[in-house]
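Contents: one structure, followed by commentary.
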């Protein structure tokens, strides 16, 4: 339970994972449950950091979209930011091939 504001950054809640689920026991991505396209994501602490140029082994750079139409429109693009999530028992390539993404809205 969060009782105060962070010193740096912001907490985000109500995000949705598409194509995977979050396994709280291992703190990483896991296979989605059968016939479940969307899964809730726990509260995430976004902290500002310097832009990294390399990828870290064991992490998946998950795209965060405003809504499920990933292409968006010229006036309103859907892509927002890359979020580094632990890849769990699978490689980051698997999550990329599955199209795993975070969404702020499913409508």
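In the working numbering, the protein residues as written are 39 to 145.
C-beta atoms are modelled at their ideal positions from N, C-alpha and C, and glycine is treated no differently.
* Just mark residue 120 as buried or exposed, buried being the case when its beta carbon has 16 or more other beta carbons within 10 Å. => Here residue 120 is taken as the residue at index 82 of the chain shown, counted from 1. With fewer than 16 Cβ atoms within 10 Å of its Cβ, residue 120 is classed as exposed.
* Are the stretch 44-51 and the stretch 82-95 touching, with three or more C-beta to C-beta distances below 8 Å? -> yes
* Asked: Would you say the stretch 54-67 touches the stretch 120-129, given that touching needs at least three Cβ pairs under 8 Å?
  -> yes
* Nearest-angstrom Cα separation, counted from residue 56 out to residue 72 -> Reading the chain shown from its first residue, position 34 is the one you call residue 72. Reading the chain shown from its first residue, position 18 is the one you call residue 56. Rounded to the nearest angstrom, the two C-alpha atoms are 13 Å apart.
* To do: Could you round the C-beta distance between residue 105 and residue 143 to whole angstroms and report it? I think they count as a contact, below 8 Å.
  => As a position in the chain shown, residue 105 is number 67, starting the count at 1. As a position in the chain shown, residue 143 is number 105, starting the count at 1. About 5 Å separates the two Cβ atoms, so the contact holds.
* To do: Look up residue 130 in the DSSP assignment and say whether it is helix, strand or coil.
  => As a first step, residue 130 must be located in the chain shown, where it is residue number 92. Residue 130 falls in the helix class under three-state DSSP.
* Apart from the five residues just before and just after residue 136, which ones in its own chain have a Cβ nearer than 8 Å to its Cβ? -> Locating residue 136 in the chain shown gives position 98, counting from the first residue. Closer than 8 Å at the Cβ level, and outside the excluded window around residue 136, lie 57 and 58.
* Asked: Where do the ends of the beta strand (DSSP E) carrying residue 105 lie?
  -> Stepping through the chain shown from its first residue, residue 105 is reached at position 67. Premise fails: residue 105 is in no beta strand (DSSP E) and is neither H nor E.
* With DSSP run on the structure shown, which of helix, strand or coil describes residue 135? -> The count along the chain shown starts at 1 and reaches residue 135 at position 97. Residue state, collapsed to three classes: helix.
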